[in-house]
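The numbers in UniProt numbering rise by one with no breaks, and the one at position 180 of the sequence shown is 180.
All remarks here apply to the structure that follows.
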Amino acid sequence: MEKKETVSMKRRALLLLSAVLPLLLGGCWDRVEIQERLFVMAIAIDKNLPEKGKRSFYEFSAQFTEARALSGRLNNTNISPIWNATSTGPSIFECIRLMATRVARQPYYEHLQIIIIGEEMAKEGISHALDLFFRDHESRRKIKLVIAKGTGKSALAVKPRLMPISGQYISRLTEEGESKTARLPDTTSIGQFSTNFHGGSNSVLPRITIEPHEVKMAGGAIMKGDKLIGWLSDQEVKSLRWINGTFSAGDEIILQNPEGGTPGFTTMEVKAVRSQIHTEIRNGKPVFTVRVRGEGNLAEDGLKNKPTIEKLRKKEIQMNQIVQNKAESLIKKMQNTYQTDIFGFGEELRRHQYAFWKTHENNWEQIFKDAEVHVSVEVFIRRIGQFK
Numbered sequence: 001m002e003k004k005e006t007v008s009m010k011r012r013a014l015l016l017l018s019a020v021l022p023l024l025l026g027g028c029w030d031r032v033e034i035q036e037r038l039f040v041m042a043i044a045i046d047k048n049l050p051e052k053g054k055r056s057f058y059e060f061s062a063q064f065t066e067a068r069a070l071s072g073r074l075n076n077t078n079i080s081p082i083w084n085a086t087s088t089g090p091s092i093f094e095c096i097r098l099m100a101t102r103v104a105r106q107p108y109y110e111h112l113q114i115i116i117i118g119e120e121m122a123k124e125g126i127s128h129a130l131d132l133f134f135r136d137h138e139s140r141r142k143i144k145l146v147i148a149k150g151t152g153k154s155a156l157a158v159k160p161r162l163m164p165i166s167g168q169y170i171s172r173l174t175e176e177g178e179s180k181t182a183r184l185p186d187t188t189s190i191g192q193f194s195t196n197f198h199g200g201s202n203s204v205l206p207r208i209t210i211e212p213h214e215v216k217m218a219g220g221a222i223m224k225g226d227k228l229i230g231w232l233s234d235q236e237v238k239s240l241r242w243i244n245g246t247f248s249a250g251d252e253i254i255l256q257n258p259e260g261g262t263p264g265f266t267t268m269e270v271k272a273v274r275s276q277i278h279t280e281i282r283n284g285k286p287v288f289t290v291r292v293r294g295e296g297n298l299a300e301d302g303l304k305n306k307p308t309i310e311k312l313r314k315k316e317i318q319m320n321q322i323v324q325n326k327a328e329s330l331i332k333k334m335q336n337t338y339q340t341d342i343f344g345f346g347e348e349l350r351r352h353q354y355a356f357w358k359t360h361e362n363n364w365e366q367i368f369k370d371a372e373v374h375v376s377v378e379v380f381i382r383r384i385g386q387f388k
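Here it is in structure tokens:
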């Protein structure tokens, strides 16, 4: 009896094993070899003006490359490391599907680094163009987002001299630029933009301008909600960073004839900046006070005079006045020209004057336009370097 039970158990085990083994052996049935994959490195989305009777709104451009190009193994061949393809359609999803009629291999979007939105597309609004990437599980929320002066498609066509893949080159510009200059706003991902947009906040996105062999990344695109309404120069982006205290690379300030005697220029390097925005309600209206504090170095002195305490104080006064004037000019521009709060004043009001905010949040644009804003700047020179 025991012998029969043992045989029966062995048979059951064999049957179970024969059922499970095919599943294990077939684990790689749907794999795609890496050399067969096409990686999408960058995407450009432009507004398309369809011919009469045709239905299309988007011009969708993708930059493809393969594993050999990413590993640098195409350097000694005549094969181009990239291929740019464009499709048009009424939705981004359809544009992507239309790529299958032109691309012989399956595109993979896991390596997508940056999305470039063309100027005309940005004026229409970009949330609908990005909706697919907000929803799709393959899209990383950290994909960078920039606005092109002109078309995004032309940015992908740039042939940089030092890097073979223009999408990687533009993506690297955002990273390197943010760490080395204050002339462009913080890098914004599609996830951050989605959070800002759905939270009712405005944004300033990096601006790129296109030339045949390079892309210049400086200045910012003013986004009211999800629509492009204007541009900030690189100097105005620097002022925005002063107001918000968001310095990662520091700033340089040129002083002209700061000592009032011999004509010349002095360059100050400001590394550490902190800002505070104070809010209060006076006579039923909000009043904002922006206090900026920082420290800087004497980077370059064209006057060649021996520095003294008195001369350094003159430099500090002129430097602080320059920063204050530029900050006040930017605030007035946003109040009078665009009626758009890019500084976070509304958020500060919501946090510290909630009762007033709750009553007036639907009329915030008009309130911001008429709001009283004061700016004070104190930056001190801490180091002057060697003097011989």
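Positions of the beta carbon are idealized from the N, C-alpha and C atoms, including for glycine.
**Report entry** Residues bridged to residue 107 [DSSP beta-bridge criterion]
**Finding:** 38
Query raised in the report: What separation, rounded to the nearest whole angstrom, lies between the Cα atoms of residue 386 and residue 333?
Result: 41 Å
Query raised in the report: Can residue 127 and residue 57 be called in contact, C-beta distance under 7 Å?
Result: no
**Report entry** Residue from 108, 308, 119 whose Cα sits closest to the Cα of residue 38
**Finding:** 108
Query raised in the report: By Cβ distance below 8 Å, which residues in the same chain neighbour residue 172 in space, the five residues on each side in sequence not counted?
Result: 163
Report task. Indicate the three-state DSSP secondary structure (helix, strand or coil) for residue 183 in the structure shown. Result -> coil
Query raised in the report: Along the chain, where does the beta strand (DSSP E) that runs through residue 288 open and close?
Result: 285-301
Query raised in the report: Would you report the Cα separation of residue 204 and residue 311, rounded to the nearest angstrom?
Result: 38 Å
Query raised in the report: Are the Cβ atoms of residue 152 and residue 116 separated by less than 7 Å?
Result: yes
Query raised in the report: If you scan the region 189-262 from start to end, which runs of the beta strand (DSSP E) of 3 or more residues do you find wholly inside it?
Result: 203-211, 214-224, 227-232, 251-256
Report task. Sort 15, 106, 132, 192 by Cα distance to residue 60 and report the nearest one. Result -> 132
Query raised in the report: Count the other CB atoms within 10 Å of the CB of residue 389; is the residue buried (16 or more) or exposed (fewer)?
Result: Absent from the model: residue 389. The displayed extent of the chain is 1 to 388, so no value can be given.
Report task. Would you identify the three-state DSSP class for residue 322, choosing helix, strand or coil? Result -> helix
Query raised in the report: Which class does residue 268 belong to by DSSP, given the choice of helix, strand or coil?
Result: strand
Query raised in the report: What are the boundary residues of the beta strand (DSSP E) that residue 154 is part of?
Result: Here residue 154 belongs to no beta strand (DSSP E); instead the alpha helix (DSSP H) covers 152-156.
Report task. Kindly confirm or deny that the region 224-240 and the region 347-358 touch, where touching means at least three C-beta pairs closer than 8 Å. Result -> no
Report task. Could you check if residue 296 is buried or exposed, using at least 16 other CB atoms within 10 Å of its CB as the buried criterion? Result -> buried
Requested in this report: Report the partner residues of residue 102 according to the DSSP bridge assignment.
Outcome: Residue 102 is not bridged to any residue.
Query raised in the report: Excluding five sequence neighbours on each side, which residues of the same chain lie with their C-beta closer than 6 Å to the C-beta of residue 120?
Result: 47
Query raised in the report: For residue 61, which beta-bridge partners are listed by DSSP?
Result: 44, 86
Query raised in the report: Does the Cβ of residue 208 have 16 or more other Cβ atoms within 10 Å, making it buried, or fewer, making it exposed?
Result: buried
Query raised in the report: What's the C-alpha gap between residue 272 and residue 157?
Result: 38 Å
Requested in this report: Drop a sphere of 10 angstroms on the beta-carbon of residue 354, count the other beta-carbons inside from all chains shown, and report buried for 16 or more, exposed for fewer.
Outcome: exposed
**Report entry** Chain-order list of residues whose beta-carbon lies under 8 Å from that of residue 252 (same chain, five-residue window excluded)
**Finding:** 267, 268, 269, 270, 299
Query raised in the report: Near residue 83, which residues of its chain fall below 7 Å by C-beta distance, leaving aside the five closest residues on each side in sequence?
Result: 64
Requested in this report: Would you check if the distance between the CB atom of residue 114 and the CB atom of residue 42 is smaller than 7 Å?
Outcome: yes
Query raised in the report: Excluding the five sequence neighbours on either side, which residues of its own chain have a C-beta within less than 6 Å of the C-beta of residue 364, listed in chain order?
Result: 346
Query raised in the report: Would you report the Cα separation of residue 291 and residue 95, rounded to the nearest angstrom?
Result: 49 Å
Report task. Give the C-beta separation of residue 318 and residue 255 to the nearest angstrom, bearing in mind that I take them to be a contact with Cβ-Cβ under 8 Å. Result -> 5 Å
**Report entry** Within 7 Å, strictly: CB atoms of residue 226 and residue 118
**Finding:** no
Requested in this report: Spell out the partners DSSP gives residue 113 in its beta bridges.
Outcome: In DSSP, residue 113 forms no bridge with anything.
**Report entry** Distance, residue 286 Cα to residue 194 Cα
**Finding:** 28 Å
Query raised in the report: Helix, strand or coil for residue 30 per DSSP?
Result: Residue placement at residue 30 is poorly supported in this model, since its pLDDT is 49, which falls under 50; the coordinates still yield a value, given next. In this structure, residue 30 counts as coil in the three-state DSSP scheme.
Query raised in the report: Under the three-state reduction of DSSP, which class applies to residue 356: helix, strand or coil?
Result: helix
Query raised in the report: In or out: residue 30 buried (at least 16 other Cβ within 10 Å) or exposed?
Result: Any reading at residue 30 needs caution, since the residue's pLDDT is 49, under 50, leaving its predicted position unreliable; the model's value is listed next. Classification for residue 30: exposed.
Requested in this report: Alpha carbon to alpha carbon, how far is residue 189 from residue 289? Give it in angstroms, no decimals.
Outcome: 30 Å
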